[in-house]
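Student: According to our numbering, numbering within the sequence shown proceeds without interruption in unit steps and concludes at 288. Attaching a single structure in structure tokens format; questions to follow.
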Amino acid sequence: MFTDGITILLRSDPCSQTMGGVGGVGAEVGSGRQGGCRCVFPSSEPSMASQERVETVTKGTGLWRCPKPATYTPETCELLRVMMKESKLTNFQRRHIMDTMKRGDTLPLQCSPTSSQRVLPCKQPASAIYLPPILAVRSHLRPASMCQANGAYSREQFKPQATRDLEKEKRRLQNIFATGKEPAERKRKPPPVRQENPAPELDRFEELVKEIQERKEFLADMEALGQGRQYQGIILTEISQKLQEMEDLDHKRSEELRKALATT
């Protein structure tokens, strides 16, 4: 009597039905009690004594086992849909999770937003960098014994200095004994001040000529740079003013010369 299992019977029976001819190995499958299955494998040697072995195989295991996919309850599916909606997952992530639920597999721990992305391995923490020990800072102060040995605490000897010129005092006393009067102190004359020759005054006419020449050179440089029109009016106006001043100066000098010739 076997409950909820499969009974396999191995025996030597030449009269049983075989597959592949007489003396072959056959199988006889019949419905057992309480959903069981009975298999009979006859022996290939009919002369041997009948031997019978009975082995019980648990249901759901063995050669003909077909694993059933795990099923999720409707409440669990609905909960997962709500959680995916609240988490704002991408369409790819939702399809991946729904396919996993349909197959009955376990839900993935991580799921990339797109199929091209891969889960990066966890970065290992950086190894601690070994630093050499910090050497103790040596003080640059000298000990008191070294300072005393170098004479830092010894006092300087007092050396009196003459506050008066002894030679000058001797001459003064000699003069007093000889004349009865103190000699008059000779006053040193200040060195003569060097008089610098005043720079000759520049002729105004020559200054005007130099200024006109500078303005011509400036205008030529601007024309070479392509900016002659911008400065041409200003430069020509200044040159005309200088020429007018030169004419006035020339007229004034000619009048002075005429008066000087008239007086002589």
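Beta carbons: idealized from backbone N, C-alpha and C, even for Gly.
Starting from the C-beta of Met125, find all residues in its chain whose C-beta is less than 8 Å away, skip the five residues before and the five after it, and write them out in chain order.
Tutor: Same-chain partners within the cutoff: Tyr96, Cys101, Leu104 and Leu131.
Student: How far does the alpha helix (DSSP H) with Gly252 in it reach, from first residue to last?
Tutor: Gly252 to Thr287
Student: Once you ignore the five residues that flank Glu269 on each side, which residues in its own chain have a CB closer than 7 Å to its CB?
Tutor: Leu232
Student: Below 8 Å, can you find three or more Cβ-Cβ pairs linking the segment 210-223 to the segment 244-251?
Tutor: no
Student: On the criterion of 16 or more Cβ atoms from any shown chain inside 10 Å, does Leu243 qualify as buried, or is it exposed?
Tutor: buried
Student: Report the rounded CA-to-CA distance for Glu238 versus Gln254, giving the unit in angstroms.
Tutor: Rounded to whole angstroms, Glu238 and Gln254 show a C-alpha spacing of 17 Å.
Student: Determine the direct distance from the alpha carbon of Gly175 to that of Arg166, and round the result to whole angstroms.
Tutor: 13 Å
Student: Have a look at Gly257 and Glu235 and give me their C-alpha separation to the nearest angstrom.
Tutor: 16 Å
Student: Taking Cβ positions, are Arg119 and Met108 nearer each other than 8 Å?
Tutor: no
Student: I need the DSSP call for Pro184, collapsed to helix, strand or coil.
Tutor: In the three-state reduction of the DSSP assignment, Pro184 falls in the coil class, being assigned neither a helical nor a strand state.
Student: Give the straight-line distance between the Cα atoms of Ala168 and Arg179, rounded to the nearest whole angstrom.
Tutor: 16 Å
Student: Judging by CA-CA distance, which residue of Glu209, Lys112 and His275 is the nearest neighbour of Phe229?
Tutor: His275
Student: Measuring only the C-alpha atoms, how far is Leu260 from Pro216?
Tutor: Those two C-alpha atoms are separated by around 52 Å.
Student: What is the DSSP secondary structure of His164, reduced to helix, strand or coil?
Tutor: coil
Student: Can you list, in chain order, the residues of its chain with a C-beta nearer than 6 Å to that of Thr85? Leave out the 5 residues immediately preceding and following it.
Tutor: With a pLDDT of only 49 at Thr85, under 50, the local geometry of the prediction cannot be trusted, and no value is derived from it.
Student: How many Å lie between His200 and Lys192 at the Cα?
Tutor: The question names His, but residue 200 in the sequence shown is Ile. CA-CA distance, Ile200 to Lys192, rounds to 12 Å.
Student: Please tell me whether Ile158 and Cys135 are closer than 8 Å, where the distance is taken between their beta carbons.
Tutor: No, the Cβ-Cβ distance between Ile158 and Cys135 is not below 8 Å.
Student: Taking C-alpha atoms, which residue in Arg282, Lys240 and Thr288 lies nearest to Lys266?
Tutor: Considering only alpha carbons, the answer is Lys240.
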